[in-house]
Every structure is written in C-alpha cells, then in structure tokens.
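Single-structure report; data block below.
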Amino acid sequence: MFNYKKFFSVILQGVSDAKYRFINIDVGGYGKQSDGGTFHASELYRALTDGKINLPRPSVLPQTDVIAPHVLIGDEAYPLLPFVLKPYSGTNLPVEKECFNKRLSRSRKTIECAFGLLTSKWHVLAKGIETRVDMVDSIVKCVCILHNAVIDKDGFQLNLTDVSVRSVFWQHSGRPPNEAKSIRDIFTTYFAHNPLTYE
C-alpha cells in the first residue's frame, strides 16, 4: 500500500522463540496502516482473543507455588492483555515495578535481536525491494523461513547487545482488562522476590 512517504511499504509483525527463530509472522500490514491496526488485524491477535492458539497450560513459576499463564512480551506501545505483558508506564515507579520493567526489557531483546539478525543477514529487507508489489509479501515470508532454516542448521550464538533494532510501536487507547492487570501483578511480584544473580 502506498504510504504517506510516497512509496509502497509492508509491515512484518513477528514473534520469536529464545533462539531467535520466528514462530509467528504476519506480513502484509501496509505502511499506511497504523502499527496498532496491524496487530489488531493480525491472525495472531484474532487467534489469541478467540482462544484458538494452542498455548501451553498455565504452569508453576520456578521456586514458587504460583501458577501463571504463558504470555507474549510487548513494549509500551502494545496493549496490556491477558496474553500480552507490557511494562508499567510512568516515572518514579516503585521498586517492584522497576524490577518488572527491567526484566521485561531484557526479555524483549530476544525479538529485537531476531529482527536485527533477519535484516543484517537478508539485506533485501534493509532497503527497498525492487519487485512487483504483489510479490513483496511472499519474499518477506520466504526470508523469514530461510532465517529459521539457517538458525536450525547452523545454530547461532549472540550477545544480546550485538544487534540493535527500533522497537515496533502501537498506540493503544483504553484501559487494560482487570485480568491482564492481575497477570502482570503476578509476574511483578515473582520478579521482585526472585531476583536474577546478574541484575
């Protein structure tokens, strides 16, 4: 779709695992569409809200008897949902919330690195793709598949500070549901009482 900068652009939304492999991608949100519209229109969002994704059952957090659901990690621009954790906003937060935000930020580096690896290895994504507009979605999907295949074949060791990528932002208005707040509170308490040795 032709965007406000007067060229065609496509948005890639992705979820990665701890090994920087994409486990879910959504290609085709166009540059004219807001990032929020992209997430909201994605198959992933619909499947999560409809309960159609086979997520693992909630499990006990290590060294506790607290049961928590499996969640995706988002940045400040994503909505707080029962299946998406995002940082607390504001300044001068209580220590527990600061701890939570630091742990979440550390976790988000995985997807940032996955995108950094993707664009540094597959240069076709780092500049304009010179092809027919109707081919771009397929090219981006193929590159993501190749990215995963290379990691599966060769493995990849990466220092999380080696790759830097702009975060994807979604401006979401509205209040998060109480269930989402409760889930974030569970993780906040857990992180505060189970500090990592390298923090």
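For what it's worth, the working numbering labels the leading residue of the sequence shown as 838, then goes sequentially.
Glycine included, every Cβ here is placed at the ideal spot set by N, Cα and C.
query = Grouping DSSP H, G and I as helix and E and B as strand, with all else coil, what is Asp863?
reply = Annotated three-state conformation of Asp863 is strand, per DSSP.
query = Are the beta-carbon atoms of Pro906 and Ile1020 separated by less than 8 Å?
reply = Yes. Within cutoff.
query = Going by other Cβ atoms of all chains shown within 10 Å of its Cβ, with 16 needed for buried, is Gly851 buried or exposed?
reply = With 16 or more neighbouring CB atoms inside 10 Å of its own CB, Gly851 falls in the buried class.
ask   = Does DSSP put Gly815 in a helix, a strand or coil?
value = Residue 815 lies beyond the stretch modelled for the chain, which goes from 838 to 1036, so this question has no answer here.
ask   = Is it a yes or a no for the region 946-955 touching the region 926-936, going by three-plus beta-carbon pairs under 8 Å?
value = These segments do not touch.
task = Could you work out which residue in Thr956, Ile860, Asp991 and Phe920 is closest to Lys1018 when comparing CA atoms only?
result = Out of Thr956, Ile860, Asp991 and Phe920, Phe920 has the C-alpha closest to the C-alpha of Lys1018.
query = Helix, strand or coil for Ala1029 per DSSP?
reply = Three-state result, Ala1029: helix.
ask   = Taking 7 Å as the cut-off, is the CB of Asp863 close to at least one heavy atom of the ligand PLP?
value = Ligands in the displayed structure: none, and consequently the ligand PLP is not present.
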